[in-house]
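Each remark here refers to the structure printed beneath this line.
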Amino acid sequence: MKTIKYLTTPIYYPNNTPHVGHLYSSLLVDVWKKAAKLLNRKHYFTTGLDEHGQKVAQAAAARGYSAQEHVNHLSAKFIEFFQHFNIEWDYWVRTTSVEHKMAVQNIWMKLKNNGYIYKGNYAGWYSISDETYLAEKPEQESEHIVWREEDCYFFKLSALEDQLKKFYEEHPDFVYPNKRYNEAMGFLQNGLKDFVISRPKNRLYWGIEVPDDSDHVIYVWIDALVNYISAVGYPNEEEYKHYWPGKHVLGKDILKFHAIYWPAILMATQLPLPEKLIVHGWWMRDDAKISKSLGNAVPLDDLITKYQVDGIRYFLLRGIELGEDGQFREDILKGVVHGDLANKYGNIFLRMLGIIELRFGGALPNGMPNLKTKEADALRKTLDRLYYSVDTLIDEPETMSEYLNRFIEVIVQINDYFQNNKIWEIEDKVEQAANLYFLMDIFRKATVLISPVLTNSANAVMKFLGFPECSMKYYDSNLPLEYISNRPRLFPKI
Ligand code: ME8
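Numbering follows our numbering, with no gaps: position 349 of the sequence shown is 359.
Below you can see the structure in the form of structure tokens.
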């Protein structure tokens with residue numbers, strides 16, 4: 011029986027170093043996982059690499075490495091990159107692992123025994139960058155698109171068309187957002203053709219062997235999709251049943267593989283289908299998708315120095331509505347980090363601390379005041395909405411944009427409260443202290459609730475306030491009253 015919520019990212023091709031697009035998919039799941047942890051729920055997050063296939067083999071050859079050396083090197087690079095952004099997965103997938111290979115061969119045998127695999131011959135155009143056959147001759151030939159004519163095994167996808175249609179009709183929420191559900195329905199309405207699921211080994215050696223025919227290797231997409239179950243212990247039923255089915259986060263570029271091929275493979279092997287597909291858009295640079303193959307990624311080192319890891323994490327989530335495309339440009343990043351984090355979040359913190367230092371010698375008078383004004387109640391309600399958005403996010407990862415909106419609403423309202431009530435001018439010290447305590451309390455709570463996104467800053471704020479760590483344990487407790495010096499500079503402006 012399923013006992014643990016499970017969310018995955020795509021596994022990335024190590025044909026080049028990672029960029030902001032990969033970070034985005036993994037960040038979405040990371041924040042979801044951190045939110046679950048914050049509220050004490052046990053969730054599971056996998057991400058990693060799709061290490062086989064022609065694209066990776068070519069990249070290795072171009073660097074003069076063996077494929078295995080090449081993927082080992084890039085696996086370390088991806089790990090380092092993600093760790094730098096505080097991404098914390100539970101399991102790092104590598105499709106060259108023995109466990110994964112066994113799971114893929116197990117699925118192959120099941121497909122075969124259930125009558126879904128047959129041998130044939132294929133001739134057509136193959137796109138190496140997408141690792142897929144093209145339906146038509148490309149307008150322009152390139153080194154990335156090659157003509158292939160070879161013996162191969164086919165997967166009987168056409169036999170599952172009706173079953174897939176029925177499933178889609180019965181599960182209108184299977185794909186988020188709705189436009190991607192409609193796109194998947196479009197694939198079904200156009201009719202499904204059987205597809206090639208192997209390559210002769212003398213043409214491509216870098217793959218998992220077909221179990222009962224060592225002259226062929228298994229198509230990289232079958233290999234890759236099976237990671238979603240091998241990562242949680244498949245074929246060991248006792249193990250994977252605690253996790254599977256899970257939800258998949260993916261980019262819109264690989265919708266067909268996840269919306270059609272993967273459910274079809276699961277149907278053909280009589281395994282449960284995923285709970286949901288959450289499909290996000292692309293980070294663009296001008297008119298082009300940022301991609302490893304195009305090599306148009308924006309270098310991040312300089313941006314990290316200027317806007318910090320948290321600034322970039324925040325921008326990625328706030329800069330585009332989940333499901334839409336967005337431009338990854340420094341001026342837009344700067345606008346979001348300055349607008350939300352420097353001018354609103356960081357600034358109100360400093361203004362409150364300024365008065366606490368000036369009028370109270372750096373210590374806040376004791377006690378949790380119970381301000382009963384309408385405005386104070388409104389602010390508490392906005393904070394409650396933020397709290398519920400974290401709770402909702404844990405069950406519905408697609409509500410990510412909503413969560414970020416709720417956060418900034420609280421921060422804007424703290425700023426408005428401070429400004430409208432001219433907190434710095436209140437003569438009566440008791441009244442001033444009560445207002446400051448109230449605002450600092452809401453600020454602290456909002457900080458805890460946004461800690462899945464602003465990992466470093468939230469920790470720094472909580473430690474500065476005198477808490478041992480940033481966690482829900484310190485959400486409701488009294489605020490420590492003595493503030494240490496060296497306040498953190500949150501998101502200084504560039
Ligand atoms: O397709 N914007 O690997 P891949 C947003 N191995 N997301 C982006 C992006 C961008 N500009 N560029 C990449 C593969 N991504 C297969 C997947 S899964 C069983 C196998 C993200 O290295 C996004 O999630 O080409 C996209 O779907 C994925 O990286 C593609 O990574």
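Even for Gly, the Cβ is constructed at its ideal location relative to N, Cα and C.
The model shown is predicted, which means the values in this text are computed figures rather than measured ones.
Straight-line Cα distance separating Asp140 from Asp296: 21 Å
For Pro245, the nearest candidate out of Ile322, Asn82, Met119 and Tyr126 (CA to CA): Met119
Cβ-Cβ distance between Lys12 and His252 below 8 Å: yes
Cβ-heavy atom distance, Trp216 to the ligand ME8, below 7 Å: no
Contact the segment 228-244 vs the segment 271-291: 3+ CB pairs below 8 Å: yes
beta-carbon Leu332 near the ligand ME8 non-hydrogen atom, thresh 7 Å: no
beta-carbon Gly321 near the ligand ME8 non-hydrogen atom, thresh 7 Å: no
Range covered by the beta strand (DSSP E) that runs through Ile127: Ile127 to Ser137
As assigned by DSSP and simplified to three states, the class of Tyr22: strand
The alpha helix (DSSP H) enclosing Gly364, as first and last residue numbers: Asn357 to Phe370
Closer than 7 Å: Ile232 CB and nearest the ligand ME8 heavy atom: no
Three-way DSSP call (helix, strand, coil) for Phe165 in this model: strand
Selection from Gly356, Phe95, His110 and Trp254 that minimises the alpha carbon distance to Arg497: Gly356
C-alpha distance - Leu459 paired with Val400, whole-angstrom precision: 7 Å
Any non-hydrogen atom of the ligand ME8 closer than 7 Å to Trp42 Cβ: no
Gly74 CB to nearest heavy atom of the ligand ME8 below 7 Å: no
Where the beta strand (DSSP E) through Leu287 begins and ends: Lys286 to His290
Every unbroken beta strand (DSSP E) within the segment 275-321, with a cutoff of 3 residues, ordered by chain: 286-290 and 293-295
Cα-Cα separation, Pro182 to Lys257: 15 Å
Residue span of the beta strand (DSSP E) that contains Val227, given as start and end: Asp223 to Ile228
Among Glu385, Lys391 and Arg51, the one whose alpha carbon lies nearest that of Gln429: Glu385
Any non-hydrogen atom of the ligand ME8 closer than 7 Å to Lys299 Cβ: yes
Rounded straight-line distance, which links the Cα of Glu331 to that of Met362: 32 Å
Closer than 7 Å: His32 CB and nearest the ligand ME8 heavy atom: yes
Coil, strand or helix - Thr142 by DSSP: strand
Proximity of Ile288 and Glu98 at Cβ, strictly below 8 Å: no
Contact test: Asp296 Cβ vs the ligand ME8 heavy atom, cutoff 7 Å: no
8 Å Cβ shell around Leu48 - same chain, five flanking residues per side excluded: Val400, Val458, Leu459, Ser461, Pro462, Ser481 and Met482
Endpoints, the alpha helix (DSSP H) within which Thr507 is located: In the structure as shown, the chain starts at 11 and stops at 504, and residue 507 therefore has no counterpart that could be examined.
Glu61, buried or exposed, once every other Cβ within 10 Å from all chains shown has been counted against 16: buried
Pair within 8 Å by beta-carbon distance, Leu414 and Arg328: yes
Cβ-based neighbour list, Asn124, same chain, cut-off 8 Å, excluding 5 preceding and 5 following: Ala278, Thr279 and Gln280
Other residues of its chain near Phe448: CB distance less than 7 Å, five sequence neighbours each side excluded: Pro379, Leu381 and Ala386
Boundaries (first-last residue) of the beta strand (DSSP E) holding Phe505: Since the displayed the chain opens at 11 and closes at 504, residue 505 lies outside it and no answer follows.
Reference Pro502; option with closest CA among Lys189, Ile421, Gly345 and Ser411: Gly345
Bridge partners - Arg158, DSSP secondary structure assignment: Gly134
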